[in-house]
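Colleague:
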Amino acid sequence: MSTVAEHVPFLHLSKLCQKISERKGKDKKVKPLVEFIHYWQDFHKKLHASNPDTTDSFFPVMRLLLPQCERQRAAYGIKEFTLAKLLIEIFCLDKNSVDAQKLLNYRSPKSANAEAGDFASVAYFVLKNRSPENGTLTVYDINYYLDSIAANHADKNKDELKHDLLHLLRNTTALEQKWLIRMILKDMKLGISENTILNAFHTDARDLYNVTNSLEKVCCSLKDPSARLHEIEISIFSPFRPMLAEMALPNQVEGLMKGKPFIIETKYDGERLQLHKDGSSYMYFSRGGFDCTETYGSTPSQGSITPFIHKSFKPGINKCILDGEIVIYSNKLNCIVSKGENADVQALEPDGDYEPCFCVFDILMLNDKVLSSLPLTERIGYIRNTFAAIENKIRYTNQKTASTNDEVTEELNKAIDSRLEGIVVKNPDSIYKPNIRKGGGWLKVKPEYIENLMDELDLLIIGGYYGEGRRSTAISHFLLAVASPDQTDGVPNKFYSFSKVGSGYTFKELYELSGKLGDHWQPYNPKKSPSCLVIGGGRKEQPDVWIEPSKSVIVQVKASEINRSKGFATNCTLRFPRVEKIRYDKPWHDCMTTIELDDLRNLAQGRLATKRSVASEEEPSPKKQKVPKEIATVAPHFRPTDTSSVQKVSELFKDKEICVIFASVERKQALEKLIVQHSGKCVQNPGNNTFCVVCDKTTAKVKNIIRTDMYDVVKCEWIDNCIQNKRLLSWVPDDLLHATEETRNNLGEFFDKYGDSFTEDVTEHSLMKIFNNIPNEEWMNVEVSS
């Protein structure tokens, strides 16, 4: 049977993509797409006039326009660097030639010029003079060879894969190659969303895709543009796009729920999963619609989940669809643990300490009844009648009914204390709407949404990455590091790569930072890595450029947790990092150390949310809210204390900013609360307005502060003495571990070099301290009379 795809040249589709990408504005971009769809539909009618029930559809084009939504074709195993090496080999380019270097260093403005960061555009100019003037392949041919490339990658048949790619490149023009490469990389850069493309095809296309996750079903079911789907239902063994929750703060929940009671659920740190069961046949799908059945088991005799839960289903339960979270359960600790600090849930060893556990929070089908249109409270009732919980394999998600913001805050604090990801709040009357986030009645409340609940890390920039689009000619992402505790001349001599960051700063801040660092960037060569830097083994983490640590700056970073990662020298990295502040005021060597990082990881299993939320009647300014795009922890003695509930009793330390650095968490928190109680302000790092630094001993961080000679470093007893005397006491030499030049000059007017006051009478206690300050060699000249 002939298909439309066999008659439509791939060049037509490539020109359409080029036209869409060049136009500005959604309406102008959609217009040529709609025209192309109408052209295809008209051709389809003529071609299949005698066979209206044909299975031929728009799917061959749709899967090329939306390669990121493709679920039927396996992975190609080709990314930019791999494709660059293949192109160099296929076109017999000298590896050291200008064109080869453009492909290998496509992110570098010096190599790739204006197209830096866009591999397909760089390849277009490199291959332009090496490509045929006329292409010979149809849309059908492109799909045929892409299927073959995917199959050869799965079979690890590299020679056949290269042969398929060579055939494609030798029979396509440079323009076709540009768009073919974008299809292979699954990054089309059309400037319109998948929803816009689906809506252009059919009014119901988006809704149908949300419940089927299949572009082929969408295109086959909606071939007739005039036909409407009156009711789109979830069906067994057909993955749907799960319902989502919108972000909210604890003090917003009552308002969003319109004052009615709501359900609070535990939000586990796992991966979204849907289970489809029909008798003894099972299928599992990820949030993105990918089939995970091979991992978890299609029958009771295979997989890491199905053999253990099959018998937990109650009599009479033949068919069901469950929605939930697959998490990691520790048999040693007898509890659910963070995925960030443990292995991939889909790659756990069968007999290891960790195993997958399915936490169910919703049910969409029971036997032949679709439940998605029922209120949540009714659906929850069905869950407990469907299966019996097995603690380490399948369980019910913790749920409770609440009605106030205070209860939300209380449950969030319980989640923080238990090192969980957060909580989810749901409207009891909400129906299940696939792929709906805003307005669906589900809210997620996480610590990172709340100002001052997440810990901050001071990290040093050691490398940079060229960006894309507006940032393609500049460094827009940075490689961050922690310092080795080993020092030379009082400063760290080695820095270990730890994380990559590319958000949190404005273009203006990026421009200013680029001005500070621009002259010091050096091209990074992994074969000649600088001795002062230890870069991880992951190629994608290797920077385009590096900088001498002494020429760099520290950035203050927030993140949700620390995850294991072999791509960085620390063997871990930050999850969802974002820059909070660029610390031009801090010396380059005063960043976090590997020891502090280890303490931080060990303390809270990698989570960075350790402070508790306090209910508030006022909503914070929207400008202050940091919203993450979709966990390392700082050691507790570097965290700010929650002082929001402290009552002020005096103005003893009014207008005084004090930095407290203690090894003891309890003592640090107690002292910070005392300072705030007496109207002082506490900061975690000294700045331009800091009055003094208070500490109990000279740690490495204190030594670094002393080395700057910018701050007076005071013993903690001074705070206690001020409070006892109910006045701000002037410093005496015995109060200070370090004095700035100004303070030293002031003290010199009232004390000698041993701390003996010129104006105050000596006491037995103070005399002993003065004697202790006199070096042993000076005692040799002292005559003692009898």
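In this text, residue positions in the sequence shown follow full-length UniProt numbering: the first is 1, and each later residue adds one. Ideal Cβ placement from N, Cα and C applies to all residues, glycine included.
Does the count of Cβ pairs from the region 496 to 504 and the region 535 to 545 closer than 8 Å reach three?
Modeller: Counting Cβ pairs under 8 Å, three or more are found: they touch.
Colleague: Among all the DSSP beta bridges, which residues are the ones paired with glutamate 271?
Modeller: Against the sequence shown, residue 271 aligns to sequence position 271. Paired residue(s): Ile326.
Colleague: Would you report the Cα separation of glutamate 155 and lysine 162, rounded to the nearest angstrom?
Modeller: Against the sequence shown, residue 155 aligns to sequence position 155. Against the sequence shown, residue 162 aligns to sequence position 162. The sequence given here has aspartate at residue 155, not glutamate. Approximately 13 Å, taken between the alpha carbons.
Colleague: Between glutamine 177 and tyrosine 124, which are expected to be in contact by the criterion C-beta below 8 Å, what is the C-beta distance as a whole number of angstroms?
Modeller: The count along the sequence shown starts at 1 and reaches residue 177 at position 177. The count along the sequence shown starts at 1 and reaches residue 124 at position 124. Rounded, the Cβ-Cβ distance is 7 Å, consistent with contact.
Colleague: Have a look at lysine 668 and threonine 699 and give me their C-alpha separation to the nearest angstrom.
Modeller: Here residue 668 refers to the residue found at position 668 when the sequence shown is read from its first residue. Here residue 699 refers to the residue found at position 699 when the sequence shown is read from its first residue. Using only the alpha carbons, I get a separation of about 14 Å.
Colleague: What whole-angstrom Cβ distance do glycine 324 and phenylalanine 361 have, given they're in contact under 8 Å?
Modeller: The residue you call residue 324 lines up with position 324 of the sequence shown. The residue you call residue 361 lines up with position 361 of the sequence shown. The Cβ separation is near 5 Å, so the contact holds.
Colleague: Less than 8 Å between the C-beta atoms of phenylalanine 119 and glutamate 80, yes or no?
Modeller: The count along the sequence shown starts at 1 and reaches residue 119 at position 119. The count along the sequence shown starts at 1 and reaches residue 80 at position 80. Yes, the pair counts as a contact, with Cβ atoms nearer than the cut-off.
Colleague: Would you call leucine 574 buried or exposed, if buried means 16 or more other Cβ atoms sit within 10 Å of its Cβ?
Modeller: Here residue 574 corresponds to residue number 574 of the sequence shown, with the count starting at 1. Buried, since its Cβ has 16 or more Cβ neighbours within 10 Å.
Colleague: Going by the C-beta, is glutamate 651 closer than 7 Å to any heavy atom of the ligand ADP?
Modeller: The model on display carries no ligand, and the ligand ADP is accordingly not part of it.
Colleague: Would the beta-carbon of valine 694 fall within 8 Å of that of isoleucine 658?
Modeller: Position 694 of the sequence shown, counted from the start, is the residue given in the question as residue 694. Position 658 of the sequence shown, counted from the start, is the residue given in the question as residue 658. Cβ distance < 8 Å, so valine 694 and isoleucine 658 count as in contact.
Colleague: Report the partner residues of cysteine 659 according to the DSSP bridge assignment.
Modeller: Taking the sequence shown and counting its residues from 1, the one referred to as residue 659 is at position 659. Bridge partners of cysteine 659: Val683, Val693.
Colleague: Does the region 250 to 266 touch the region 195 to 209, meaning 3 or more C-beta pairs lie closer than 8 Å?
Modeller: Too few Cβ pairs lie closer than 8 Å, so no.
Colleague: Which one or two residues does DSSP pair with phenylalanine 653 in a beta bridge?
Modeller: Reading the sequence shown from its first residue, position 653 is the one you call residue 653. Note: phenylalanine 653 sits in no beta bridge, so no partner.
Colleague: Let's test the definition: count the other Cβ atoms within 10 Å of the Cβ of histidine 38 and tell me whether it reaches 16, buried, or not, exposed.
Modeller: On the sequence shown, residue 38 is found 38 positions in, with the first residue counted as 1. Flag for histidine 38 reads exposed.
Colleague: From valine 660 to glycine 303, what does the alpha carbon distance come to, in whole angstroms?
Modeller: Here residue 660 is taken as the residue at index 660 of the sequence shown, counted from 1. Here residue 303 is taken as the residue at index 303 of the sequence shown, counted from 1. About 53 Å.
Colleague: I'd like to confirm the pairing. Which residues does DSSP put opposite asparagine 563 in its beta bridges?
Modeller: Here residue 563 refers to the residue found at position 563 of the sequence shown. In DSSP, asparagine 563 forms a bridge with Thr573.
Colleague: Run through the DSSP bridge pairs and tell me what tryptophan 588 is partnered with.
Modeller: Walking along the sequence shown from the start, residue 588 turns up at place 588. Per DSSP, none; premise fails for tryptophan 588.
Colleague: Under 8 Å, do threonine 377 and isoleucine 363 count as touching if we go by C-beta distance?
Modeller: In the sequence shown, the residue the question calls residue 377 occupies position 377. In the sequence shown, the residue the question calls residue 363 occupies position 363. Taking 8 Å as the Cβ cut-off, threonine 377 and isoleucine 363 do not qualify as a contacting pair.
Colleague: Please say whether leucine 597 and valine 424 have beta carbons closer to each other than 8 Å?
Modeller: In the sequence shown, residue 424 corresponds to position 424, counting from 1. In the sequence shown, residue 597 corresponds to position 597, counting from 1. For valine 424 and leucine 597, no; Cβs fall outside 8 Å.
Colleague: Looking at alanine 75 and alanine 150, is the spacing between their C-beta atoms short of 8 Å?
Modeller: The residue labelled residue 150 in the question sits at position 150 within the sequence shown. The residue labelled residue 75 in the question sits at position 75 within the sequence shown. Taking 8 Å as the Cβ cut-off, alanine 150 and alanine 75 qualify as a contacting pair.
Colleague: Suppose only complete runs of 3+ residues qualify. What are the beta strand (DSSP E) ranges in the region 454 to 495, listed by chain order?
Modeller: Qualifying beta strand (DSSP E) stretches, in chain order: 456 to 466, 475 to 483.
Colleague: Please determine, among Val98, Trp731, Leu513, Asp224, the residue with the shortest C-alpha to C-alpha distance to isoleucine 475.
Modeller: Mapped onto the sequence shown, residue 475 falls at position 475. The shortest C-alpha separation from isoleucine 475 is found at Leu513.
Colleague: What residue does the alpha helix (DSSP H) around tryptophan 179 start on, and which one ends it?
Modeller: Within the sequence shown, numbered from 1, the residue matching residue 179 stands at position 179. It spans 174 to 185 - the alpha helix (DSSP H) in which tryptophan 179 sits, taken as one unbroken run.
Colleague: Mind checking which residues open and close the beta strand (DSSP E) that includes lysine 400?
Modeller: Here residue 400 refers to the residue found at position 400 of the sequence shown. Looking at the DSSP string, the run of the beta strand (DSSP E) that includes lysine 400 is 399 to 402.
Colleague: Look at the alpha carbon of valine 95 and the alpha carbon of threonine 54, and state the distance between them as a whole number of angstroms.
Modeller: As a working mapping, residue 95 is identified with position 95 in the sequence shown. As a working mapping, residue 54 is identified with position 54 in the sequence shown. Looking at the sequence shown, residue 95 is not valine but lysine. In a straight line, the C-alpha of lysine 95 is about 50 Å away from that of threonine 54.
Colleague: Check the C-beta distance from glycine 567 over to glutamate 548 and give it rounded, since I have them as a contact under 8 Å.
Modeller: Within the sequence shown, the letter at position 567 stands for residue 567. Within the sequence shown, the letter at position 548 stands for residue 548. Not quite, the Cβ-Cβ distance comes to about 23 Å (not below 8 Å), so this is no contact.
Colleague: Looking at the unbroken alpha helix (DSSP H) that takes in leucine 510, where does it start and where does it end?
Modeller: Taking the first residue of the sequence shown as 1, we reach residue 510 at position 510. That run of the alpha helix (DSSP H) goes 507 to 517.
Colleague: For the alpha helix (DSSP H) that glutamine 41 lies in, which residues bound it at each end?
Modeller: Counting from 1 along the sequence shown, the entry for residue 41 is found at position 41. Residues 26 to 47.
Colleague: Please name the residue, chosen from Met592, Arg287, Arg437, Arg727, that lies closest to glutamate 456 on a Cα-to-Cα basis.
Modeller: Residue mapping note: residue 456 aligns to position 456 of the sequence shown, counting from 1. Here the closest residue by C-alpha is Met592.
Colleague: Evaluate the contact criterion for the region 160 to 174 versus the region 125 to 141: three or more CB pairs, one atom per stretch, below 8 Å.
Modeller: A contact exists between the region 160 to 174 and the region 125 to 141.
Colleague: Note down, in chain order, each residue of its chain lying with its Cβ closer than 8 Å to the Cβ of histidine 153, except the 5 sequence neighbours on either side.
Modeller: As a first step, residue 153 must be located in the sequence shown, where it is residue number 153. Closer than 8 Å at Cβ, skipping near neighbours: Ala74, Ala75, Tyr76, Gly77, Ile78, Leu161.
Colleague: Do isoleucine 90 and leucine 146 have their CB atoms nearer than 8 Å?
Modeller: By 1-based counting over the sequence shown, the position of residue 90 is 90. By 1-based counting over the sequence shown, the position of residue 146 is 146. It is not a contact, given that the beta carbons lie outside the stated cut-off.
Colleague: According to DSSP, simplified to helix, strand and coil, what is lysine 626?
Modeller: Taking the first residue of the sequence shown as 1, we reach residue 626 at position 626. The predicted model places lysine 626 with a pLDDT of 44, which falls under 50 and marks its position as unreliable; any figure quoted below should be read in that light. The answer is coil: DSSP assigns lysine 626 none of H, G, I, E or B.
Colleague: Taking DSSP as the reference, what is the three-state secondary structure of glutamate 265?
Modeller: Taking the first residue of the sequence shown as 1, we reach residue 265 at position 265. Looking at glutamate 265 - three-state DSSP - the assignment turns out to be strand.
Colleague: With H, G and I counted as helix, E and B as strand and the rest as coil, what does DSSP make of isoleucine 309?
Modeller: Here the question's residue 309 lines up with position 309 in the sequence shown. Correct three-state label for isoleucine 309: helix.
Colleague: Excluding sequence positions up to five away, which residues of its chain have a Cβ less than 6 Å from the Cβ of alanine 388?
Modeller: Counting from one through the sequence shown, the residue named residue 388 turns up at place 388. Taken in chain order, the residues that qualify are Ser312.
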